[in-house]
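First up is the structure itself, then whatever we jot down about it.
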Amino acid sequence: MIDLHSHTTASDGQYPPATLVARAAAAGVTVLAVTDHDTVAGLAEAREAARAHGVELVPGIELSAFIHGKEAHILGHFLCPEDPALARFADRLRDERTHRMEAMVARMRELGFPVRMEHVLKVAGDAQLGRPHLARVLVNQGWCIDMKAAFDRFLGTGRAAWVERFKLEGAEAIRLIRDAGGTATLAHPGSSKMERVEIKALAQAGLSGLEVLSADHNAGLRQKYLALAAEFDLVPTFGSDFHGEEVSPDHRLGVAAMPPELFQKLRARAPGFRA
Numbered sequence: 001m002i003d004l005h006s007h008t009t010a011s012d013g014q015y016p017p018a019t020l021v022a023r024a025a026a027a028g029v030t031v032l033a034v035t036d037h038d039t040v041a042g043l044a045e046a047r048e049a050a051r052a053h054g055v056e057l058v059p060g061i062e063l064s065a066f067i068h069g070k071e072a073h074i075l076g077h078f079l080c081p082e083d084p085a086l087a088r089f090a091d092r093l094r095d096e097r098t099h100r101m102e103a104m105v106a107r108m109r110e111l112g113f114p115v116r117m118e119h120v121l122k123v124a125g126d127a128q129l130g131r132p133h134l135a136r137v138l139v140n141q142g143w144c145i146d147m148k149a150a151f152d153r154f155l156g157t158g159r160a161a162w163v164e165r166f167k168l169e170g171a172e173a174i175r176l177i178r179d180a181g182g183t184a185t186l187a188h189p190g191s192s193k194m195e196r197v198e199i200k201a202l203a204q205a206g207l208s209g210l211e212v213l214s215a216d217h218n219a220g221l222r223q224k225y226l227a228l229a230a231e232f233d234l235v236p237t238f239g240s241d242f243h244g245e246e247v248s249p250d251h252r253l254g255v256a257a258m259p260p261e262l263f264q265k266l267r268a269r270a271p272g273f274r275a
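Going left to right, the sequence shown walks through residues 1 to 275 as the UniProt record's numbering numbers them.
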């Protein structure tokens, strides 16, 4: 079973990389991509665990970018984690995420909630800071019943504690991934409300794949994006977008399987691929 979309505690996942790989293996996953948000910090630990469990690890990343004003999540697969430009970008994003989190914490305090930055840092550990970490603090302190409520009330786009994020253009995200030897795939286009015009623009910028089978897509959306993948010669990909049961209970390992022939087709499009 091939799963090309998962997250660890290096970003906003529930499980450390080694635990994620072990759980994936137990669920029957034989090929797993670890695609943490804006970082490759979890890949070394994941690689060691993959060897121990007989799982093929696909080194990856998930970059949040923008196309025509819409946020698009671009997955990188088969990339070189040691690529210097990618490392510099990840460092920049870490700083950007820290500043954004400080601003969101300040807004929560303005709303009357005694949240401090140290609370968020304790939850996040060494991970790239993200809204789920602040959401977890709000749940832990009893201000929200669960993380969904935290986003619905405070942290979602346009809500009271929302702060605009650094905007990476979609074409630049694709270039970063391809320069690091990887393929670029548009993740969960349905939930990101990606339409033909955005997908065409990303394809023209070098996109290789389109995540057709996603927990966020019903049968109608899968057919829609399968047709768009064929139109723009994009490889249909499959991924669970697993974060952990506490973070996103509807996303489970072992429920999305990519056909091996499509996996090989995607791998062959990686600039760093050697047959």
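Ideal Cβ positions, reconstructed from N, Cα and C, are used throughout, including at glycine.
In this text, all values refer to a predicted model and were calculated from it rather than measured experimentally.
Inter-residue spacing [alpha-carbon to alpha-carbon] between residue i and residue j
{"i": "V58", "j": "D250", "result": "23 angstroms"}
{"i": "I74", "j": "D38", "result": "10 angstroms"}
{"i": "A44", "j": "G60", "result": "11 angstroms"}
{"i": "R267", "j": "T183", "result": "7 angstroms"}
{"i": "L226", "j": "V212", "result": "6 angstroms"}
{"i": "A201", "j": "G142", "result": "44 angstroms"}
{"i": "V55", "j": "M258", "result": "15 angstroms"}
{"i": "C144", "j": "R153", "result": "9 angstroms"}
{"i": "I67", "j": "D36", "result": "21 angstroms"}
{"i": "I177", "j": "C80", "result": "9 angstroms"}
{"i": "L228", "j": "A180", "result": "26 angstroms"}
{"i": "G13", "j": "L4", "result": "15 angstroms"}
{"i": "T8", "j": "A149", "result": "22 angstroms"}
{"i": "P260", "j": "M194", "result": "26 angstroms"}
{"i": "P114", "j": "A87", "result": "35 angstroms"}
{"i": "E48", "j": "A18", "result": "8 angstroms"}
{"i": "G28", "j": "A50", "result": "13 angstroms"}
{"i": "residue 290", "j": "A256", "result": "Absent from the model: residue 290. The displayed extent of the chain is 1 to 275, so no value can be given."}
{"i": "E82", "j": "V40", "result": "9 angstroms"}
{"i": "G254", "j": "R159", "result": "34 angstroms"}
{"i": "K122", "j": "V137", "result": "9 angstroms"}
{"i": "L207", "j": "S6", "result": "20 angstroms"}
{"i": "A215", "j": "Q223", "result": "14 angstroms"}
{"i": "R269", "j": "N140", "result": "44 angstroms"}
{"i": "R107", "j": "R196", "result": "37 angstroms"}
Neighbourhood of residue i by C-beta, 6 angstroms cutoff - its chain only, sequence neighbours within 5 removed
{"i": "H217", "result": "G190"}
{"i": "A205", "result": "A171 and I174"}
{"i": "A124", "result": "H133"}
{"i": "F263", "result": "I2"}
{"i": "V163", "result": "R100, A103 and M104"}
{"i": "V31", "result": "I2 and E56"}
{"i": "A25", "result": "H53 and V55"}
DSSP beta-bridge partners of residue i
{"i": "S208", "result": "None; S208 has no bridge partner."}
{"i": "V235", "result": "G209"}
{"i": "E71", "result": "F66"}
{"i": "H37", "result": "E62"}
{"i": "D3", "result": "L32"}
{"i": "L57", "result": "L32"}
{"i": "F242", "result": "S6"}
{"i": "H77", "result": "G60 and T183"}
{"i": "E169", "result": "F66"}
Among the options, the one whose alpha carbon lies nearest that of residue i
{"i": "M147", "options": "L186, H243, A227 and E102", "result": "H243"}
{"i": "residue 280", "options": "P259, V197, K224 and A161", "result": "Absent from the structure is residue 280, since the part of the chain shown begins at 1 and ends at 275."}
{"i": "L168", "options": "A33, K70 and R131", "result": "K70"}
{"i": "A90", "options": "G76, K122, Q128 and F66", "result": "Q128"}
{"i": "G156", "options": "R47, A18 and L134", "result": "L134"}
{"i": "F166", "options": "A187, D3, A50 and A72", "result": "A72"}
{"i": "E96", "options": "L79, R178, R131 and A150", "result": "R131"}
{"i": "T98", "options": "A85, M108 and M117", "result": "M117"}
{"i": "F151", "options": "R92, S248, R222 and L63", "result": "S248"}
{"i": "S11", "options": "V137, L63, T30 and A24", "result": "L63"}
{"i": "T237", "options": "G220, A219 and K265", "result": "K265"}
{"i": "A65", "options": "L111, V120, L93 and G112", "result": "L93"}
Cβ separation of residue i and residue j, assumed to be a contact under 8 angstroms, to the nearest whole Å
{"i": "V235", "j": "G272", "result": "Between G272 and V235 the Cβ distance is about 16 angstroms, and since that is not below 8 angstroms, they are no contact."}
{"i": "H53", "j": "A33", "result": "Rounded, the Cβ-Cβ distance is 15 angstroms, inconsistent with contact."}
7 angstroms Cβ shell around residue i - same chain, five flanking residues per side excluded
{"i": "R252", "result": "S240 and F242"}
{"i": "F232", "result": "I199, K200 and A203"}
{"i": "E246", "result": "Q14"}
{"i": "S192", "result": "K70, E71, A72 and H73"}
Chain C within 8 angstroms of residue i, Cβ atoms only
{"i": "A149", "result": "Considering every chain present, this structure includes no chain C. It has just one protein chain."}
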